[in-house]
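Undergrad: Starting off with a structure, shown below.
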Amino acid sequence: MRDDLVQLGIFHLFSVSGLHLFALLAGLIWLTDRLRIPKEAAEWALIALLPLLPLLLGGGAGIVRAVWLSEIRLVTARMRLPLSRLDGFSLVLMGNLALQPYILHTFGGQLTYLLAGALYLLPPGPRLKLNLQLGLIGLPVILAHTFRFHLLQVLFNWLLVPVFELAVMPLVLVTLIFPDGPWTGPLERGLQLGEQSLHALTTLPGDVIFGAVPTGLAVLGVGVVLLSLARRQKRWLIGWLVAAWLVANVHPQWRVTLFDVGQGDAILIEAPFKQAAVLVDTGGRGFGTVREPPAKRAIVNYLHARGLNHLDILVLTHADADHVGDAGLLTQLMPVRRLVTTTLAANHRYILAAKAGQVVSHTPLLAPATLTVGPLKLKVVAPESADAKEKNADSLVLYGKIDKYFWLLRGTRTGRWGARSRH
0 MRDDLVQLGI FHLFSVSGLH LFALLAGLIW LTDRLRIPKE AAEWALIALL PLLPLLLGGG
60 AGIVRAVWLS EIRLVTARMR LPLSRLDGFS LVLMGNLALQ PYILHTFGGQ LTYLLAGALY
120 LLPPGPRLKL NLQLGLIGLP VILAHTFRFH LLQVLFNWLL VPVFELAVMP LVLVTLIFPD
180 GPWTGPLERG LQLGEQSLHA LTTLPGDVIF GAVPTGLAVL GVGVVLLSLA RRQKRWLIGW
240 LVAAWLVANV HPQWRVTLFD VGQGDAILIE APFKQAAVLV DTGGRGFGTV REPPAKRAIV
300 NYLHARGLNH LDILVLTHAD ADHVGDAGLL TQLMPVRRLV TTTLAANHRY ILAAKAGQVV
360 SHTPLLAPAT LTVGPLKLKV VAPESADAKE KNADSLVLYG KIDKYFWLLR GTRTGRWGAR
420 SRH
């Protein structure tokens, strides 16, 4: 579900999550008032109990910020201290930095304090306009960490954040405290339906793979967006977006990247100016499963960071799990224009799983065919026939010139990193 929220750009749920806490506190104070519990006693009880909430809801940056902002507001009101809302926000930020000095080096920490601080500075206005402004302010940080944004994310935040903040989150909190309530079953079914609906939304067009924006440029971007909103100068924002896109997407050199996928291989070949992107093998989970396999955590994230929204060719050298076991996962996450395998491996379950993803065409190859895409030409050296008795003997071997070097890419373990020479 978190992956779906990230793809849709609904970052307010993580960054400004905690706004539901203020609604919950207001509801509790209203309830204690109706029960004729003295307001002073109710507020002192909340002051005592609030620090326990991160233990129930998790210690995320958004929750910690919201809890301590609520704590400061209640204490300020009770003791009549002359603190403004911005003063309280600054105290919470300084306290969080004292306890977690690297909080502003994390994605959640950066967004929660940036967007929550912006809420204090932005003038009041329609909620849709406010969502648009928050989306623009957070955009440089989002691009620096996720390398993508959704064209409909402002609309998604406008529609869905109130549902989460004012309904789902408070109900989940109440369920944590009273797990046997009659609402638990309907809430669980509602959450499952909501998760299915969110996943369906990810199929809508509008997901833009932008590429990685360097940290310094992202910090500059936040300043540019704030100045653009303050002075209503759109051209500054447009200028920053153009500069950021050029930095993230203009790659004038050849590049060969070797991914750490454990025992198997995963080698990405990039031609200058995105003329070709070829991945040889994907790695796999032949020796156990992990929550974030390298095909998702490393390969797809890296492709997005390079501004690549598809692969021109995916070469699966042979049907061993440690080389192509995650090919099915990769083609679910990344469109592939052409899948290349040997003739013998074409009907293996790992290859069929890859073909079931976002694959346009599949080409079985044997030597002496030539694999050509853009300026890249790789000759198929082996296998010469489809009568191999075991998978390693059926492995594709590719040879060709990449930039100034000649590379021999062998899928079998004896040549796991390939070889290169000038001759």
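Residue numbering for the sequence shown follows numbering that gives the first Met the number 0, beginning at 0 and increasing consecutively. No residue lacks a Cβ here, since even glycine has one placed at the ideal position from N, Cα and C. Model, not experiment: these values are computed from the prediction.
Are the beta-carbon atoms of H149 and Q6 separated by less than 8 Å?
TA: yes
Undergrad: What is the C-beta distance between L219 and S227, in whole angstroms, given that I count them as a contact (C-beta under 8 Å)?
TA: With 8 Å as the limit, L219 and S227 do not qualify as a contact, their Cβ atoms being about 12 Å apart.
Undergrad: How many whole angstroms separate the CB atoms of P334 and A270, which I take to be in contact at a CB cut-off of 8 Å?
TA: With a Cβ gap of about 18 Å, P334 and A270 do not count as contacting.
Undergrad: Leaving out the 5 sequence neighbours to the left and right, which residues in its chain are closer than 7 Å to G283 when beta-carbon positions are compared?
TA: G263, A320, D321, H322, V323, G324, D325
Undergrad: Return the CA-CA distance between T362 and V339, expressed in angstroms with no decimal places.
TA: 5 Å
Undergrad: Can you give me the start and stop residues for the alpha helix (DSSP H) that L278 sits inside?
TA: For L278, there is no enclosing alpha helix (DSSP H); the residue is part of the beta strand (DSSP E) that begins and ends at 276 to 279.
Undergrad: Please report the Cβ distance between A424 and A211, rounded to the nearest whole angstrom; I am assuming they are in contact, meaning their Cβ atoms lie under 8 Å.
TA: There is no way to answer for residue 424, as the model of the chain reaches only from 0 to 422.
Undergrad: For the alpha helix (DSSP H) that contains K233, what are its first and last residues?
TA: 233 to 248
Undergrad: Can you give me the C-alpha to C-alpha distance between P169 and I102, rounded to a whole angstrom?
TA: 26 Å
Undergrad: If I measure Cβ to Cβ from L138 and keep anything under 8 Å in the same chain, skipping five residues before and after, which residues do I get?
TA: F148, G220, V224.
Undergrad: Hey, could you find the ends of the alpha helix (DSSP H) S360 is sitting in?
TA: Segment 358 to 363 is the beta strand (DSSP E) holding S360; no alpha helix (DSSP H) there.
Undergrad: Just mark I9 as buried or exposed, buried being the case when its beta carbon has 16 or more other beta carbons within 10 Å.
TA: buried
Undergrad: Can you list, in chain order, the residues of its chain with a C-beta nearer than 6 Å to that of L151? Leave out the 5 residues immediately preceding and following it.
TA: G205
Undergrad: Three or more C-beta pairs under 8 Å: does that hold for the region 182 to 197 against the region 29 to 38?
TA: no
Undergrad: Of the choices A276, L172, W157, A353, whose alpha-carbon is the least far from that of P125?
TA: Considering only alpha carbons, the answer is W157.
Undergrad: At 4 residues or longer, what runs of the alpha helix (DSSP H) sit wholly inside the region 282 to 338?
TA: 300 to 304, 320 to 323, 326 to 332
Undergrad: Return the Cβ separation of L365 and T330 in integer angstroms, given the expectation that the two are a contact with Cβ distance under 8 Å.
TA: Actually they do not touch by this definition, with Cβ atoms about 23 Å apart.
Undergrad: Taking the straight line between their C-alpha atoms, what separation do you get for I46 and L175?
TA: 20 Å
Undergrad: Count the C-beta pairs between the region 87 to 98 and the region 59 to 72 that are closer than 8 Å, then say yes if the count reaches three, no if not.
TA: Flag = yes, the region 87 to 98 and the region 59 to 72 touch.
Undergrad: For L52, which residues in the same chain have their Cβ closer than 6 Å to its Cβ, ignoring the five residues on either side in sequence?
TA: V66
Undergrad: Does K403 pass the burial test, meaning 16 or more other C-beta atoms within 10 Å, or should it be called exposed?
TA: exposed
Undergrad: With distances taken between CB atoms, is the gap from I141 to L113 smaller than 8 Å?
TA: no
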